[in-house]
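Engineer: For the working numbering, add 1114 to where a residue sits in the sequence shown, where the first one is 1. Glycine included, each C-beta is placed from N, C-alpha and C at the ideal position. Please read through the structure below; I'll follow up with questions.
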Amino acid sequence: MRLRALDIFLRDEPVGLLFQYGEGPGAIARLRPLESFWRRSAPPVLSWATLTAGEAERDAFWAGHATQRFFNGQDGRLPAFFQNMLPEGLLRRHLAQLRGCREDDHFEILATCGADLPGAVYARPAQLVRDEVERIVTQGHDALEVAVTAEPVAEATSLSGIQPKLSLVLQGGRYVQRTRDAQGLHTIAKLPTVEFPLLPEVEALSLQLAAAAGVEVCQARLEPLAAIAGEVPFELGGARQFLAVTRFDRRGGRDHVHCEDFAQVLGIQPERKYGDDSACYAIMAQLMLQTPALGEAAAVELLRRIAVNELLGNYDAHVKNFGLVYQDGRTPRLAPAYDVVAYAAYLGGRGHALRFTPGGQTQARLSPRILREFCSFCGLAEPIAHSTVRQVVKRAAAAWPDLINASGLLDGQKQRLLAHLASMPMVQSLRRRAG
């Protein structure tokens, strides 16, 4: 049986051995934890999902890694924590071509961009001793073919999401590629697409509108495509601008700040980012309320973002669009809002991609009943929730029309956004009360 393996690091600290045993849907993928990391009294946090209440629970967690969901992949996939680090769509296709592997070879794609993964995780080819590996993996019952895993590709970076993206560094007024640990402002370039006209402009406006409604958003700005040095490996049509998003998981050149999205937090495979039983707002809010470092402030900010997404017509927000960042390596805080897109500028729709509560209504809108169910499940005080939503609606109704009209969007896109905002029951109720 074929075996591939990667040494996993958090910043410069060895965490464990990620191996894949076999190939195809029946392959076993597992992170074998290093005792020297996991038995420390206060190690840096790899994932919220690994936090335990005390030493006994911690030791039982890592010692039982062979059966713990966090450490194991299923059906040929990597463990969810690592699977969610992989790019999708055009970027995955581009990386597979660089590496000369299949697009569905998840292990090889991770190895390809192991030097420039999201957050502070690194994946490097492991130096394996056959006898030791056979004892660890098969208890000596099967002979292994130990495959050599190539070093990461120098220009390969992993950015999740389907929209075409590049990882760039701003140096001397130009955005340059091959960014691994380079000095400069680390930036995600979100590129235009033929399918959605002016997508960078729509997302830039969406972030501006979200901020005007009180949401903490990532830093982003529109830049000319001509500012990118070198060839862009995607078809961009006749567009002229891209959205430059400053990476909150990078500081300076070599400092990687750890982060994770809520699919990683909740152990959800990326293809289940909409439909998993745990993929709902109330479970995320409950987790925040039960985590002292996050608490009520984070749950309120989550609700603020939910309300903004509804008013924007961001029908696509899923669990990977919300995340945690660990600025000091140990303390979680809610990451700034990212991937906020007013799809109402392009198409009609209603409600949310995620349910509010487990098993709840699909494509639901915020209403007194939905908010009551949300609060009852997660434990957020209902008066606080109602006040939060009212403030978002009030600020959006006051500020958004002028911002939309002043934007560089097409007239039809502006009209669709304004019509969507005016059609929202929350906005209509506010305007009726205002007389």
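Under three-state DSSP, which class holds V1506?
Structural biologist: Three-state result, V1506: helix.
Engineer: Which same chain residues end up closer than 8 Å to V1150 when comparing Cβ atoms and leaving out the 5 residues on each side of it in sequence?
Structural biologist: It is Ser, not Val, that sits at residue 1150 in the sequence shown. Result list for S1150: P1128, in chain order.
Engineer: Mapping DSSP to helix, strand and coil, what is K1387?
Structural biologist: Three-state result, K1387: coil.
Engineer: Measuring CB to CB, does L1313 end up less than 7 Å from P1306?
Structural biologist: Yes, they are a contact pair.
Engineer: Answer with buried or exposed for L1523, where buried requires no fewer than 16 other C-beta atoms within 10 angstroms of its C-beta.
Structural biologist: With 16 or more Cβ atoms within 10 Å of its Cβ, L1523 is classed as buried.
Engineer: Assign V1308 to one of two classes, buried (16 or more other C-beta atoms within 10 Å of its C-beta) or exposed (fewer than that).
Structural biologist: It counts as exposed.
Engineer: Helix, strand or coil for N1550 per DSSP?
Structural biologist: For residue 1550 there is no data in the structure shown, the boundaries of the chain being 1115 and 1549.
Engineer: Per DSSP, K1279 forms a beta bridge with which residues?
Structural biologist: Paired residue(s): K1304.
Engineer: Pop quiz: L1417 and V1503 are said to be a contact at Cβ under 8 Å. What is the actual Cβ separation, rounded to whole angstroms?
Structural biologist: Contact holds; Cβ gap of about 7 Å.
Engineer: Using a Cβ-Cβ cutoff of less than 7 Å, which residues in the same chain neighbour G1437 once the five nearest sequence positions on both sides are dropped?
Structural biologist: Same-chain partners within the cutoff: C1373, E1374, D1375, F1376, A1449.
Engineer: Alpha carbons only, please: which of L1425, A1407, Q1322, L1282 is nearest the one belonging to T1360?
Structural biologist: Of the listed residues, the one whose Cα sits closest to T1360 is L1282.
Engineer: Considering only the beta carbon of each residue, do L1531 and A1456 sit closer than 7 Å?
Structural biologist: Cβ atoms of L1531 and A1456: closer than 7 Å.
Engineer: Measuring CB to CB, does P1446 end up less than 7 Å from Y1452?
Structural biologist: It is not a contact, given that the beta carbons lie outside the stated cut-off.
Engineer: Applying the criterion that 16 or more other CB atoms from any shown protein chain within 10 Å of the CB defines a buried residue, is S1521 buried or exposed?
Structural biologist: Looking at its Cβ environment, which holds 16 or more other Cβ atoms inside 10 Å, S1521 is buried.
Engineer: With L1425 as the anchor, note down where its alpha helix (DSSP H) starts and where it stops.
Structural biologist: Counting along the chain, the alpha helix (DSSP H) containing L1425 begins and ends at 1409–1426.
Engineer: Can you round the beta-carbon distance between I1122 and A1237 to whole angstroms, since I take them to be within the 8 Å contact cut?
Structural biologist: With 8 Å as the limit, I1122 and A1237 qualify as a contact, their Cβ atoms being about 6 Å apart.
Engineer: From G1168 to R1153, what does the alpha carbon distance come to, in whole angstroms?
Structural biologist: Those two C-alpha atoms are separated by around 11 Å.
Engineer: Bridge partners for F1123 per DSSP, in chain order?
Structural biologist: Beta-bridge pairing links F1123 to P1128, Y1236.
Engineer: Helix, strand or coil for A1358, going by three-state DSSP, please let me know.
Structural biologist: In the structure shown, A1358 sits in a strand (DSSP, three-state: E or B).
Engineer: State the Cα-Cα distance for the pair I1223 and I1382, rounded to the nearest angstrom.
Structural biologist: One C-alpha to the other measures close to 19 Å.
Engineer: Report yes if the CB atom of A1499 is closer than 7 Å to the CB atom of C1489, and no otherwise.
Structural biologist: Result yes, Cβ atoms of A1499 and C1489 sit closer than 7 Å.
Engineer: Fully enclosed by the segment 1445–1512, which alpha helix (DSSP H) runs are 4 residues long or longer?
Structural biologist: The segment 1445–1512 contains these whole alpha helix (DSSP H) runs: 1482–1492.
Engineer: From which residue to which residue does the alpha helix (DSSP H) around R1546 run?
Structural biologist: Per DSSP, R1546 belongs to the alpha helix (DSSP H) from 1539–1548.
Engineer: Does the distance from the CB of A1326 to the CB of A1513 come in under 7 Å?
Structural biologist: A contact, by the Cβ cut-off of 7 Å.
Engineer: So, for F1196: in the same chain, excluding its five sequence neighbours on each side, which residues have a beta-carbon less than 7 Å away from its beta-carbon?
Structural biologist: Counting only Cβ-Cβ distances below 7 Å, and skipping sequence neighbours, we find L1132, L1224.
Engineer: In chain order, what residues of the same chain lie with their CB nearer than 6 Å to the CB of H1255, ignoring the 5 residues before and after it?
Structural biologist: Interpretation of H1255 is limited by its pLDDT of 49, a score under 50 that renders its predicted location unreliable; the figure taken from the coordinates is listed afterwards. Cβ within range, chain order: n/a, list empty.
Engineer: DSSP has V1290 in a bridge; who is on the other side?
Structural biologist: Paired residues: V1283.
Engineer: Go ahead and label S1161 buried or exposed: buried means 16 or more other beta carbons lie within 10 angstroms of its beta carbon, across all protein chains shown.
Structural biologist: That one is buried.
Engineer: State the DSSP-derived secondary structure class of H1255, mapped to helix, strand or coil.
Structural biologist: Only weak support is given to the placement of H1255: the predicted model assigns it a pLDDT of 49, under 50, and the value that follows is read from those uncertain coordinates. In this structure, H1255 counts as coil in the three-state DSSP scheme.
Engineer: Considering only the alpha carbon of each residue, which of A1459, R1419, R1486, P1482 lies closest to A1510?
Structural biologist: It is R1419 whose Cα lies nearest to the Cα of A1510.
Engineer: What's the C-alpha gap between H1370 and R1125?
Structural biologist: Each residue's alpha carbon lies about 7 Å from the other.
Engineer: Mind checking which residues open and close the beta strand (DSSP E) that includes F1143?
Structural biologist: Checking the sequence shown, residue 1143 turns out to be Ala, not Phe. Where A1143 is concerned, the enclosing beta strand (DSSP E) stretches over 1142–1147.
Engineer: Going by CA-CA distance only, name the one from G1427, A1413, R1547, A1421 that's closest to A1495.
Structural biologist: With distances taken between Cα atoms, A1495 lies closest to A1413.
Engineer: Once DSSP output is grouped into helix, strand and coil, what is the label at L1519?
Structural biologist: Checking the sequence shown, residue 1519 turns out to be Asn, not Leu. Three-state DSSP puts N1519 in a helix.
Engineer: Per DSSP, what kind of secondary structure is E1337 in: helix, strand or coil?
Structural biologist: Looking at E1337 - three-state DSSP - the assignment turns out to be strand.
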